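Undergrad: Quick one: this structure, given as structure tokens, is what I'll be asking you about.
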Amino acid sequence: MEIQKLIYFISLANTLNFTKSAEDNHITQAGMSRQISSIESELGVTLFQRNSRKVKLTPEGEEFYLYAQSIINNYNEAIERISNMDSKKVTLRIGLGPYEHALAQPVIEKYTKENPDIRIYCLQYDYTNLVSQFRKGMLDIMFCMNTCAEKIRYAKTIKLFGGDWLTLCSKTSPLLKIQKPTLAEFSNQIFINLEASSEDFQAVETVTLGFKPVYTVRTNTLNAKIALTAAGVGISRVPKFLEDLIPDTVAVLDCTYPSVRWFVCSYLEPKKQDSPVNSFIEIIKELYP
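No gaps in the numbering here: position 141 of the sequence shown is 1044 in my numbering, and each next residue is one more.
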């Protein structure tokens, strides 16, 4: 399917008006209608309900809209990045998991001050996509959990944090009335956790720590995790290095407990001695001895 067709589809999905969408894209209304019909024929589904009064997305159209928007966003990002690339510029591509921005920030800050001519690209992913991007050679450095780094053959790692995790709840949670709640008191709670590590989470929390939540609500970003916690959907946990970044919309329970996982920087041994990866790793070793 052509990119332009997706642009037409997204435009109509946003306006729900063939005339307006056609004008925005500088084509005729009949031309817009033919483009949408062509997409529906290619997919074998109806994307829009049409009548003389209004246009409405079908359930299939709503689902396709999410994927089409993601494709166009990635396409535009790729065009922008390629257009801005200078073949004479040395680049360093850094990938972050959902939590690791706090660990990477001081390293990047020091590195950019000492290496102003190096162009930095820094992108954040869920853990599954982070590993995928690293495997494809799209990243030079990966800040992640040890369980992610272990999936990369020949990857070298530097341990950054292996300390306690904090337990978060809403500001109206009954747990706040309990002084130093125990793990047993979490067994009747709903846990909010990142989607990519949910199965691992269940094993760790149930077997190692000795309790089992009612069920796990899955999300894919730290911000969504915090938002659901603040809304009282359940309790969640974050690594202690995020303590200063926790918003005041949630409360921190008076307890900490360890995890069998830890956070690392992962990389492949550079082939060139003057690779920007080497100088970056030296700063990591300096800040995380």
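Cβ atoms here follow ideal geometry from the backbone N, Cα and C, with glycine treated the same way.
Computed from a predicted structure; not experimentally measured.
Please report the distance separating the alpha-carbon of residue 1102 from that of residue 1096.
TA: For this step, residue 1102 is matched to residue 199 along the sequence shown. For this step, residue 1096 is matched to residue 193 along the sequence shown. Any reading at residue 1102 needs caution, since the residue's pLDDT is 42, under 50, leaving its predicted position unreliable; the model's value is listed next. Here the alpha carbon of residue 1102 sits roughly 10 Å from the alpha carbon of residue 1096.
Undergrad: Taking a contact to mean a Cβ-Cβ separation below 7 Å, would you say residue 1052 touches residue 1178 in this structure?
TA: Along the sequence shown, one-based indexing puts residue 1052 at 149. Along the sequence shown, one-based indexing puts residue 1178 at 275. Going by C-beta atoms, residue 1052 is not nearer than 7 Å to residue 1178.
Undergrad: I need the straight-line Cα distance from residue 1191 to residue 1014, nearest angstrom please.
TA: For the purposes of this step, residue 1191 is taken as residue 288 along the sequence shown, with counting starting at 1. For the purposes of this step, residue 1014 is taken as residue 111 along the sequence shown, with counting starting at 1. Rounded to whole angstroms, residue 1191 to residue 1014 spans 14 Å at the Cα level.
Undergrad: Would you give the residue range spanned by the beta strand (DSSP E) that residue 1157 belongs to?
TA: Walking along the sequence shown from the start, residue 1157 turns up at place 254. It spans 1154-1160 - the beta strand (DSSP E) in which residue 1157 sits, taken as one unbroken run.
Undergrad: Taking only the alpha-carbon atoms, compute the straight-line gap between residue 1134 and residue 1155 and give it to the nearest angstrom.
TA: Taking the sequence shown and counting its residues from 1, the one referred to as residue 1134 is at position 231. Taking the sequence shown and counting its residues from 1, the one referred to as residue 1155 is at position 252. Straight-line Cα distance between these residues: approximately 14 Å.
Undergrad: Quick check: residue 1001 and residue 1125, are their CB atoms within less than 7 Å of each other?
TA: One-based indexing of the sequence shown puts residue 1001 at position 98. One-based indexing of the sequence shown puts residue 1125 at position 222. It is a contact, given that the beta carbons lie within the stated cut-off.
Undergrad: Rounded to a whole number of angstroms, what is the C-alpha to C-alpha distance between residue 925 and residue 1041?
TA: Taking the sequence shown and counting its residues from 1, the one referred to as residue 925 is at position 22. Taking the sequence shown and counting its residues from 1, the one referred to as residue 1041 is at position 138. When rounded, the distance between both Cα atoms is 37 Å.
Undergrad: Considering Cα atoms alone, identify which of 923, 1032 and 1083 is closest to residue 1123.
TA: Locating residue 1123 in the sequence shown gives position 220, where the first residue counts as 1. Ranking the options by Cα distance to residue 1123, first place goes to 1032.
Undergrad: With H, G and I counted as helix, E and B as strand and the rest as coil, what does DSSP make of residue 1041?
TA: Indexing the sequence shown from 1 puts residue 1041 at position 138. Here residue 1041 sits in coil by DSSP.
Undergrad: Taking the straight line between their C-alpha atoms, what separation do you get for residue 928 and residue 936?
TA: Start at 1 with the first residue of the sequence shown, and residue 928 comes out as number 25. Start at 1 with the first residue of the sequence shown, and residue 936 comes out as number 33. Rounded to whole angstroms, residue 928 to residue 936 spans 12 Å at the Cα level.
Undergrad: Between the Cα of residue 1030 and those of 1047, 913, 955 and 1006, spot the shortest distance and give me the residue it belongs to.
TA: Counting from one through the sequence shown, the residue named residue 1030 turns up at place 127. Minimum Cα distance to residue 1030 is reached at 1047.
Undergrad: Express the C-alpha separation of residue 939 and residue 1005 in angstroms, rounding to a whole number.
TA: Here residue 1005 refers to the residue found at position 102 when the sequence shown is read from its first residue. Here residue 939 refers to the residue found at position 36 when the sequence shown is read from its first residue. Cα-Cα distance, rounded: 45 Å.
Undergrad: Going by DSSP in three states, residue 1126 sits in which element: helix, strand or coil?
TA: Within the sequence shown, residue 1126 is the residue found at index 223, counting from 1. Note: residue 1126 maps to helix in three-state DSSP.
Undergrad: Which first and last residues belong to the beta strand (DSSP E) in which residue 998 is found?
TA: The residue you call residue 998 lines up with position 95 of the sequence shown. From DSSP, the beta strand (DSSP E) with residue 998 extends over 994-999.
Undergrad: By the three-class DSSP mapping on this structure, what secondary structure does residue 1082 have?
TA: Residue mapping note: residue 1082 aligns to position 179 of the sequence shown, counting from 1. Three-state DSSP puts residue 1082 in coil, outside helix and strand.
Undergrad: Can you tell me which of the three DSSP states residue 904 falls into?
TA: Taking the first residue of the sequence shown as 1, we reach residue 904 at position 1. The answer is coil: DSSP assigns residue 904 none of H, G, I, E or B.
Undergrad: Which residue from 968, 908, 931 and 918 puts its Cα closest to that of residue 942?
TA: Counting from 1 along the sequence shown, the entry for residue 942 is found at position 39. Measuring from the Cα of residue 942, the nearest candidate turns out to be 908.
Undergrad: Less than 7 Å between the C-beta atoms of residue 1153 and residue 1071, yes or no?
TA: In the sequence shown, the residue the question calls residue 1153 occupies position 250. In the sequence shown, the residue the question calls residue 1071 occupies position 168. A contact, by the Cβ cut-off of 7 Å.
Undergrad: Measure the CB-CB distance between residue 1116 and residue 1092 and report whether it falls below 7 Å.
TA: If you number the sequence shown from 1, residue 1116 lands on position 213. If you number the sequence shown from 1, residue 1092 lands on position 189. Contact: yes.
Undergrad: With H, G and I counted as helix, E and B as strand and the rest as coil, what does DSSP make of residue 938?
TA: In the sequence shown, the residue the question calls residue 938 occupies position 35. If DSSP states are grouped into helix, strand and coil, residue 938 belongs with the helices.
Undergrad: Do residue 1065 and residue 1026 count as a contact pair if the criterion is CB distance below 7 Å?
TA: On the sequence shown, position 123 is the one that residue 1026 refers to. On the sequence shown, position 162 is the one that residue 1065 refers to. No; because the gap between Cβ atoms is not below 7 Å, this pair is not in contact.
Undergrad: If you reduce the DSSP assignment to three classes, tell me which class residue 1090 lands in.
TA: As a working mapping, residue 1090 is identified with position 187 in the sequence shown. In this structure, residue 1090 counts as coil in the three-state DSSP scheme.
Undergrad: Using the Cβ count rule (16 or more neighbours within 10 Å means buried), how would you classify residue 1129?
TA: Counted from its first residue, the sequence shown places residue 1129 at position 226. So residue 1129 ends up on the buried side.
Undergrad: Ends of the alpha helix (DSSP H) at residue 1026?
TA: As a working mapping, residue 1026 is identified with position 123 in the sequence shown. From DSSP, residue 1026 is part of no alpha helix (DSSP H) but of the beta strand (DSSP E) over 1022-1027.
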